[in-house]
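Protein chains: 4
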Amino acid sequence: MQFKDSQSIYLQIADHICEKILLKEWKPEERISSVRELAVQLEVNPNTVMRTYDFLQQQEIIYNQRGIGYFVAADAFKKALSYRKEDFLQKDLPGVFRNLYLLGMNTDELKPRFEKFVQQNFS
Amino acid sequence: MQFKDSQSIYLQIADHICEKILLKEWKPEERISSVRELAVQLEVNPNTVMRTYDFLQQQEIIYNQRGIGYFVAADAFKKALSYRKEDFLQKDLPGVFRNLYLLGMNTDELKPRFEKFVQQNFS
Amino acid sequence: MQFKDSQSIYLQIADHICEKILLKEWKPEERISSVRELAVQLEVNPNTVMRTYDFLQQQEIIYNQRGIGYFVAADAFKKALSYRKEDFLQKDLPGVFRNLYLLGMNTDELKPRFEKFVQQNFS
Amino acid sequence: MQFKDSQSIYLQIADHICEKILLKEWKPEERISSVRELAVQLEVNPNTVMRTYDFLQQQEIIYNQRGIGYFVAADAFKKALSYRKEDFLQKDLPGVFRNLYLLGMNTDELKPRFEKFVQQNFS
DNA sequence: GTGGTCTAGACCACC
DNA sequence: GTGGTCTAGACCACA
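Below, the structure is given as structure tokens:
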């Protein structure tokens, strides 16, 4: 996995995990990788993964059983959805629309790009 | 002008100036505020404005005449457009599309929202 | 390291780093001193070093790994060469040639001086 | 006349005047343009030309007759030559040689460039 | 520990 | 008046 410069790594990892849950690849009560495992896998400092898990735990998307590991929360899907949706419509969209307008674009131009994106990333 | 915490001030100022140019409020070869003037006006440190101007000069959106001040470049519109467009398409859009997909939405649903936004903000 | 008055310190530091790379003392992917370390070593303000690193990153001679440090770019030699060469041919040479002509000299007279210089400084 | 960014305008004007003298286009005791005339001609602030004349007067290359104008000094040629030569061999050349070496060039490569330069600028 | 940003204030050369 | 550079010191997010 490669990371963008524009967002902190730990949040990119959090997003990645949320997607697994939203796409139902990971199911409730399922155990997820340990901090160290994931750190090795992503070639990242364990502290960074720790931070991700901390963050997701605060969002109540995962929970911790001491000495055993981290698990997907029972209502993780719902939480992950709201975590995603929360800001998107209110915070992200206005900025997107502003850019669209300033750049002389419109939503129709986004359509083919969106279809291409979905095809490349989710199929 | 108030600043968000999510982006550095000097880049927010840069974006603001780009918008002036994209909206054709500022025209080519027009002199822009001096570093100190703008600093007072925005209530930020002159160094911060200097950094903005430095950045915009690198983007070839503004240029400097020694001892006189900064001016809007002849092809500022084009440069500003490509600077913003590049950022938008590469950095913002993927995240937007990802959210759209995960939230089960599509670009058609954005259309009425966008039209409403434009009407409210640019007319 | 002592600095001249005729050029800004941060660019003199940049030149110095370029030389290390051109002389192959520093190799691709090698980590370079942290901002603070170099600042202490050169007895300048960290901001000044930061500016140097910023500049060299724009030239794609060094790159940054978040929270870890700055590294010599893979093609740093090439980039450093073209950066220095461009400056030299366009900014320095015309003035040199002008002086040569006005002083009634030619390039042949430079040859022995150059050879002596190389011998004294690089061997 | 266009000015480079790398050197202050008033010194570039001074250089230009010195060249006129070295090329014997301007002769001893000849009156030179007034500050205002030259400022208009070069599209520069009169203060800037004033500074040039001040500087050249300090170098004893031109002199002033109050209320009449500026004149080329009797020994202007000699002074201009020494003003040029003074730093060239000792200050400029080492930097040039350093660059040549670092860039893997030698004086032979300069020869055709020099000939081309002379042809373009002085014939 | 790392870089990144910002403020405050100073000094300089230049137009 | 203009920009440009530098210092000092602070605070922050991040790995």
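As you go down the protein sequences, you meet chains A, B, C and D in turn.
Sequential numbering of the first sequence, starting at 1, is according to the numbering used here.
Sequential numbering of the second sequence, starting at 1, is according to the numbering used here.
Sequential numbering of the third sequence, starting at 1, is according to the numbering used here.
Sequential numbering of the fourth sequence, starting at 1, is according to the numbering used here.
Even for Gly, the Cβ is constructed at its ideal location relative to N, Cα and C.
Residue i - partner residues in DSSP beta bridges
i, result
"Y63 (chain A)", "A:F71"
"R31 (chain D)", "D:F71"
Host alpha helix (DSSP H) of residue i (start-end)
i, result
"R36 (chain C)", "35 to 42"
"Q12 (chain D)", "9 to 22"
"E86 (chain D)", "76 to 87"
"Q90 (chain D)", "Note, Q90 (chain D): premise wrong, no alpha helix (DSSP H); not H, not E."
"F122 (chain A)", "No alpha helix (DSSP H) contains F122 (chain A), which DSSP labels as neither H nor E."
"L103 (chain A)", "Per DSSP, L103 (chain A) belongs to no alpha helix (DSSP H) and is neither H nor E."
"F3 (chain C)", "No alpha helix (DSSP H) holds F3 (chain C); DSSP gives it neither H nor E."
"R47 (chain B)", "A small fix is needed here, since residue 47 (chain B) is Asn in this sequence, not Arg. It spans 46 to 58 - the alpha helix (DSSP H) in which N47 (chain B) sits, taken as one unbroken run."
Interface residues of chain C facing residue i [CB-CB closer than 9 angstroms]
i, result
"T52 (chain D)", "The contacting residues do not exist; T52 (chain D) stays about 17 angstroms from chain C at best."
"I9 (chain A)", "R66, G67"
"D92 (chain D)", "D92, G95, V96, N99"
"F55 (chain D)", "Here the premise fails: no neighbours, minimum Cβ distance about 16 angstroms."
"E19 (chain D)", "R98, L102"
Listed by chain order, chain B residues near residue i by CB distance under 7 angstroms
i, result
"T107 (chain A)", "T107, L110, K111, F114"
Per-residue contacts from residue i into chain C (C-beta, under 7 angstroms)
i, result
"K85 (chain D)", "L103"
"F122 (chain D)", "Y101"
Partner residues on chain A for residue i, Cβ-Cβ distance less than 9 angstroms
i, result
"V40 (chain B)", "The contacting residues do not exist; V40 (chain B) stays about 27 angstroms from chain A at best."
Contact list for residue i against chain A, beta-carbon separation under 8 angstroms
i, result
"E25 (chain B)", "Correct list: empty, because the minimum Cβ distance to chain A is about 12 angstroms."
Proximal residues of chain D, C-beta to C-beta of residue i below 8 angstroms
i, result
"V118 (chain C)", "F97, Y101"
"L22 (chain C)", "L102, L103"
Amino acids of chain A, ordered along the chain, whose beta-carbon sits closer than 7 angstroms to that of residue i
i, result
"L81 (chain B)", "L103"
Proximal residues of chain B, C-beta to C-beta of residue i below 8 angstroms
i, result
"S6 (chain A)", "K91"
Per-residue contacts from residue i into chain D (C-beta, under 9 angstroms)
i, result
"F77 (chain C)", "Under the 9 angstroms cutoff, chain D gives no residues; its nearest Cβ is about 11 angstroms from F77 (chain C)."
Where residue i meets chain D, residues with beta-carbon distance less than 7 angstroms
i, result
"F88 (chain C)", "N99, L103"
Could you tell me whether the stretch 89 to 107 of chain D touches the stretch 106 to 122 of chain C, using the rule of 3 or more Cβ pairs below 8 angstroms?
Under the 8 angstroms Cβ criterion, the stretch 89 to 107 of chain D counts as touching the stretch 106 to 122 of chain C, having at least three qualifying pairs.
How do the stretch 72 to 79 of chain C and the stretch 42 to 52 of chain C stand: do at least 3 beta-carbon pairs fall below 8 angstroms, yes or no?
No, the stretch 72 to 79 of chain C does not touch the stretch 42 to 52 of chain C.
Kindly confirm or deny that the stretch 66 to 74 of chain D and the stretch 61 to 78 of chain C touch, where touching means at least three C-beta pairs closer than 8 angstroms.
Of all C-beta pairs linking the stretch 66 to 74 of chain D to the stretch 61 to 78 of chain C, fewer than three are shorter than 8 angstroms, placing the two stretches out of contact.
Report yes or no: do three or more beta-carbon pairs, one from the stretch 51 to 58 of chain A and one from the stretch 13 to 27 of chain A, lie closer than 8 angstroms?
As far as the Cβ criterion goes, the stretch 51 to 58 of chain A touches the stretch 13 to 27 of chain A, which means the pair count is three or higher.
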